[in-house]
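See below for the structure under consideration.
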Amino acid sequence: MRSLIDGKTAILLIGNPGVGKSSILNTLGGNFLSGYSCTSGLTTYVSKQDVIIDQKPYRLVDMPGIYDSAKEGSSSGDSVTDNHLKMLREALNDGHAYVIFFVISPRNGRVDPSDLAMMQLVLEKMDNGPTVGLIITQIKARDLIHIQSPTYFSRIIQIMKNNNADLRFLTSRGPLVLRDHDEGFSDDDRYHIRSYITKFTPRQVQIRNMIATALRMLLKLLKMIIFH
């Protein structure tokens, strides 16, 4: 079932603030606010735009980053995270068939525990496993070979498998890896983004309530596993 509403495939990019979700959607024909903020992500609400890609209708969904590490542990940070999780639940329960792309930006070549916690929380609250892809952004040239290693994302893949994500495309093709794009995406980048995202087959999903405290607990656990 492609959709209960209008036949459009909905594309949703999920990640933490500042990883470039809006910029990626703009390469597909969106017109979302994008750029850099030294404090947190620029996107503050859910925005939807309908586009045609290769003569097929798509709905692009742009939403704020889930977990803001700059506000970790603060009451205001929990409130913001809870609000963003509510936005995510409302977006995914809108009746469209979705393809979900997790977008992460490794720090010094290492996957951030907050990205792993965010992915696990979202996936474990879904009633049926979604079609998922993985986009790795803002990669420095020195880290490119390391990140493209077959074993680099084994922990991410395991989290997805444990939560019944549909990995048929991701395991056969791997993640989409994008270099730093401070000056905008190149024509080659745009081609690869478009080719990667439009190959996925959507699925209907339903997502249950999520709360910021659960995300913080997962983050603490993952930090203990990774750094100790």
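Under full-length UniProt numbering, the first residue of the sequence shown carries the number 1, and numbering increases by one thereafter.
For each residue, glycine too, the CB sits at the ideal point set by N, CA and C.
Residue of the options minimising C-alpha distance to residue i
i, options, result
"P150", "Q120, L176 and R203", "L176"
"S23", "M63, T213, T9 and G129", "M63"
"V111", "T9, K8, V19 and I11", "V19"
"S172", "Y196, D182 and G184", "Y196"
"P113", "I156, D182, R194 and N83", "I156"
"G133", "V122, K21 and L167", "L167"
"R203", "L33, G184, Q158 and N164", "N164"
DSSP state of residue i mapped onto helix, strand, coil
i, result
"Q138", "strand"
"P175", "coil"
"D182", "coil"
"I24", "helix"
"I197", "helix"
Alpha-carbon spacing of residue i relative to residue j, whole angstroms
i, j, result
"K48", "E90", "13 Å"
"L116", "D54", "33 Å"
"I66", "P17", "7 Å"
"F169", "T213", "32 Å"
"D189", "L178", "7 Å"
"C38", "R107", "Its pLDDT being 43, under 50, C38 is placed unreliably by the model, and nothing is read from it."
"H192", "K199", "11 Å"
Other residues of its chain near residue i: CB distance less than 8 Å, five sequence neighbours each side excluded
i, result
"Y45", "M63, P64 and M87"
"I11", "L25, L28, Y58, R59, L60, V61, Y98, V99, F101 and I197"
Residue i CB to nearest heavy atom of the ligand ADP below 7 Å
i, result
"P150", "Although the ligand ADP was asked about, the structure shown includes no ligands whatsoever."
Beta-carbon contacts of residue i that lie in its chain and below 6 Å, excluding the five residues immediately before and after
i, result
"L85", "M210"
"Q138", "S105 and D180"
Cutoff 7 Å; reference residue i; Cβ partners in own chain excluding five residues on either side
i, result
"K125", "I207, R208 and M210"
"F57", "According to the sequence displayed, residue 57 carries Pro and not Phe. G7, K8 and D50, listed in sequence order."
"N93", "Q206 and I207"
"T201", "T131"
"I147", "P106, G109, I136, I139 and V177"
Which parts of the segment 86-159 are runs of the alpha helix (DSSP H), unbroken and 4 residues or longer, counting only runs that do not cross its ends?
-> With a minimum length of 4 residues, the continuous alpha helix (DSSP H) runs that stay inside the segment 86-159 are 113-124 and 144-147.
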